[in-house]
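Numbering (this note's numbering), first residue to last: 7 to 327. All C-beta atoms in this analysis are idealised placements derived from N, C-alpha and C, irrespective of residue type, glycine included. Note that the structure is a prediction, hence the values are computed from the model and not measured. Let me begin by presenting the structure, written as structure tokens, before commenting on it.
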Ligand code: ASP
């Protein structure tokens, strides 16, 4: 079996993805090898750095995941996360986020406007209310009542792109970058506990009111401290249809490696909607209790970042096509 340590060395040295790893590591490694954090896309590298500061100090996985998501939400150039994200078809940016800790506590906000850190509002929902999910104006009111401030920032680049889009008004998610993408983070901390967070501005030019998978516990994120954690990115409707992140965690419970479990979920999406899946992207990343990790996606081009004691590297996820 290839250990996580050897694997990192290989991927950094050869610059290759998970090709060898998935074949070699069917079962979970029995040894826990220190903390690990995974984040979606290449902006996950910076996200991981923020999360690692907490993990390296033996902090909680959920704190690390929140810190990582906040960093991504702070990026006022990002067109797919936070206030800078591309708007809906009426020109308004709406935000979705959720968070889950090692005790099955979870919190979520969706269709939230003008709040810089939806992930921290989701955390507040988790920690101070009897609910899991708040939406729209209610979520915003809750945020304001809890010390968050209204923020009117509009990203000029996102606004310009929306004006361009209005010329055709054609809703067409682009595979990989450009008009969607989510920061999804899953972490295993030094105590062997799991946590995760997910934050996005969703699909650009969506119908007003549309909510994707990212704030839905079990779709965009799921953490089961007995087993593992998973998060998703890509066309949220497809992820919701199969309760994607929960499915991946359940397959890990059945003994699949994280990458095999992610592949299982992708293959189910393709089986139930073979035609539609040819033109869209979904990617999953997952980590198990032993610190094994993996990812899988529909189309080539999905990358995720992995930070362990060995360093922070970008990995090309294997894809179905
Ligand atoms: N999953 C997000 C959504 O559907 C977007 C993305 O990750 O690309 O809102």
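Who are the near neighbours of residue i in its chain, counting only those whose CB is closer than 6 angstroms to its CB and skipping five residues on each side?
i, result
"residue 306", "325"
"residue 32", "Low per-residue confidence applies at residue 32: pLDDT is 35, beneath 50, and the placement is therefore not dependable enough to give any value."
"residue 34", "Summary for residue 34: the model assigns pLDDT 39, below 50, so the residue's position carries little reliability, and this model does not support an answer."
"residue 107", "68, 201"
Ends of the alpha helix (DSSP H) at residue i?
i, result
"residue 318", "First-last for residue 318: 317-322, but that is the beta strand (DSSP E), not the alpha helix (DSSP H)."
"residue 172", "162-172"
"residue 90", "Looking at the DSSP string, residue 90 is not in any alpha helix (DSSP H), and its letter there is neither H nor E."
"residue 246", "242-247"
"residue 126", "124-134"
In the DSSP assignment, what are the bridge partners of residue i?
i, result
"residue 189", "205"
"residue 141", "116"
"residue 234", "230, 294"
"residue 288", "240"
"residue 325", "303"
Looking only at its own chain, which residues have a Cβ that is under 7 angstroms from the Cβ of residue i, when we skip the five neighbours before and after it?
i, result
"residue 248", "271, 274, 275"
"residue 36", "Caution is warranted here: a pLDDT of 42 is assigned to residue 36, below 50, making its placement in the model unreliable, and the coordinate value is therefore given only provisionally. Counting only Cβ-Cβ distances below 7 angstroms, and skipping sequence neighbours, we find 296."
"residue 246", "219, 222, 225"
"residue 20", "Legend: pLDDT at residue 20 = 35, less than 50; position of this residue unreliable, value from coordinates given subsequently. No residues qualify anywhere along the chain."
"residue 309", "47, 48, 320, 321, 322, 323"
Mind checking whether the beta-carbon of residue i lies closer than 7 angstroms to any heavy atom of the ligand ASP?
i, result
"residue 219", "yes"
"residue 142", "no"
"residue 262", "no"
"residue 99", "no"
"residue 234", "no"
"residue 209", "yes"
"residue 102", "yes"
"residue 187", "yes"
"residue 53", "no"
Ignore the nearest five residues each way along the sequence and tell me which others in residue i's own chain have a CB closer than 8 angstroms to its CB.
i, result
"residue 318", "51, 54, 55, 58, 311, 312"
Below 8 angstroms on the Cβ atoms is my contact criterion, and I expect residue i with residue j to pass it. Report the Cβ-Cβ distance as a whole number of Å.
i, j, result
"residue 201", "residue 67", "3 angstroms"
"residue 113", "residue 121", "In fact, because the Cβ distance is near 14 angstroms, the residues do not count as touching under 8 angstroms."
"residue 161", "residue 85", "7 angstroms"
Provide the residue span of the beta strand (DSSP E) that contains residue i, from first to last.
i, result
"residue 44", "42-46"
"residue 300", "299-303"
"residue 336", "What the structure shows of the chain is the stretch from 7 to 327, and residue 336 is not part of that stretch, so it cannot be assessed."
"residue 106", "101-106"
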